[in-house]
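A.B. asks: Residue numbers (my numbering): -16 to 245.
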Amino acid sequence: MIGAPIYLALFYGMREERQVLRGQRSDSRHPYPGISAGKRRSMFDIHYFLEVLPKVFAKTPVTLEIALIAAFFSLLLGMIIAVIAYYRLPLLYPAARAFVSFMRGTPIVAQLYFFYFGVAVYSALVRDMTPVTAVSLVLSLNVGAFMSESIRAALLSVDDGQREAALSLGMSNLQIVRRIIIPQAFRVALPPLFNDFINLIKASSLAFMLGVPDIMGAARTEGSRTYRYFEIYGAVMVVYWVVITAFDFLRKLLEKRCAAAF
């Protein structure tokens, strides 16, 4: 449930600390002066962990802002692409499939760098974007491609026989979509859409690479000051775990309500 960027940051930070401990690097800011290297390696400062935990948690609103903005637009984009794919609209369908294939088949880090640093060379609009806007946009495009597949699969799960039966009863296409297709497709799509949203929250941890002061940004700043990467990124993982567990609890509540309603 924890994003790969957090593990990579923890590994990189611990590598720096190990270099200091082994004498390959010297740094007077290291948090354990006067303590032998052997004792340093086995040391976990619970007091510092509890001290840094609220500092990291204080940046949760920034992370959630990025995630919620991206979730809204990715869901909107996903529904549009899913409808295009479901009805196989001429001209739009091949373009939509190519977009989904490209966004799902390329690393999100490469997409983020390509857009923020590459496209900015040719577009003044992108150059004027704030890092938060750029990250939210790239996440919307990336996760929207994944959500479109979840929604398309949910639409295809509704039996065509129900549509034919509704037509025979004199229902219009709009009534069929609103009363038959959407309720059933929503229940099927809810779990994978929530999984996509959870992955979106974890992917938002990449925002620190553009200087966004989110959870990971606060951890990087604190780590460069104290070199206590084990405690710092341990606190980061705890914060992400709590946030994602809360949304997972919300998912279970919605699934129960949907099961009772339909």
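For every residue, glycine included, the Cβ atom is placed at its ideal position computed from N, Cα and C.
To the nearest angstrom, how far is the alpha carbon of Leu152 from that of Arg162?
C.D. replies: Here the question's residue 152 lines up with position 169 in the sequence shown. Here the question's residue 162 lines up with position 179 in the sequence shown. Each residue's Cα considered, the two are about 13 Å apart.
A.B. asks: Between Leu233, Ala50, Ile198, which has its C-alpha nearest Ala41's C-alpha?
C.D. replies: Position 58 of the sequence shown, counted from the start, is the residue given in the question as residue 41. Closest option to Ala41, judged by alpha-carbon separation, among Leu233, Ala50, Ile198: Ile198.
A.B. asks: Counting C-beta neighbours from all protein chains within 10 Å, is the total for Arg211 16 or more, i.e. buried, or is it exposed?
C.D. replies: The sequence position of residue 211 within the sequence shown is 228, counting from 1. Classification for Arg211: buried.
A.B. asks: List the endpoints of the continuous alpha helix (DSSP H) containing Arg208.
C.D. replies: Sequence index remark: in the sequence shown, residue 208 carries index 225 (1-based). Start and end: 198 to 209.
A.B. asks: Taking the C-alpha atoms as reference points, what is the distance between Trp224 and Glu147?
C.D. replies: The residue given as residue 224 occupies position 241 in the sequence shown. The residue given as residue 147 occupies position 164 in the sequence shown. Roughly 46 Å separates the two Cα atoms.
A.B. asks: Just to confirm the assignment, what range does the alpha helix (DSSP H) spanning Val160 have?
C.D. replies: Here residue 160 corresponds to residue number 177 of the sequence shown, with the count starting at 1. Note, Val160: premise wrong, no alpha helix (DSSP H); not H, not E.
A.B. asks: CA-CA distance, Arg234 and Phe177?
C.D. replies: Here residue 234 is taken as the residue at index 251 of the sequence shown, counted from 1. Here residue 177 is taken as the residue at index 194 of the sequence shown, counted from 1. Taking the straight line joining both Cα atoms gives about 7 Å.
A.B. asks: Quick one: grab the DSSP three-state call for Arg240.
C.D. replies: Within the sequence shown, numbered from 1, the residue matching residue 240 stands at position 257. Looking at Arg240 - three-state DSSP - the assignment turns out to be helix.
A.B. asks: With a threshold of 16 other CB atoms inside 10 Å of the CB of Lys239, please say whether the residue is buried or exposed.
C.D. replies: In the sequence shown, the residue the question calls residue 239 occupies position 256. Lys239 should be labelled exposed.
A.B. asks: Would the beta-carbon of Val118 fall within 9 Å of that of Leu193?
C.D. replies: Taking the first residue of the sequence shown as position 1, residue 118 is located at position 135. Taking the first residue of the sequence shown as position 1, residue 193 is located at position 210. Their beta carbons are under 9 Å apart, which means Val118 touches Leu193 by this criterion.
A.B. asks: Near Leu124, which residues of its chain fall below 8 Å by C-beta distance, leaving aside the five closest residues on each side in sequence?
C.D. replies: As a first step, residue 124 must be located in the sequence shown, where it is residue number 141. Once the five neighbours on either side are set aside, the close Cβ partners of Leu124 are Ser57, Leu60, Met86, Gln94.
A.B. asks: Look at the alpha carbon of Ser207 and the alpha carbon of Arg135, and state the distance between them as a whole number of angstroms.
C.D. replies: Sequence index remark: in the sequence shown, residue 207 carries index 224 (1-based). Sequence index remark: in the sequence shown, residue 135 carries index 152 (1-based). If you take the alpha carbons of Ser207 and Arg135, they lie about 45 Å apart.
A.B. asks: Excluding the 5 residues preceding and the 5 following Ser19 in the sequence, name in chain order all residues of the same chain whose CB lies nearer than 7 Å to its CB.
C.D. replies: Walking along the sequence shown from the start, residue 19 turns up at place 36. Residue confidence for Ser19 is low, a pLDDT of 47 falling below 50, so the modelled location carries little weight and cannot support an answer.
A.B. asks: Which of helix, strand or coil does DSSP assign to Gly194?
C.D. replies: Residue mapping note: residue 194 aligns to position 211 of the sequence shown, counting from 1. Coil.
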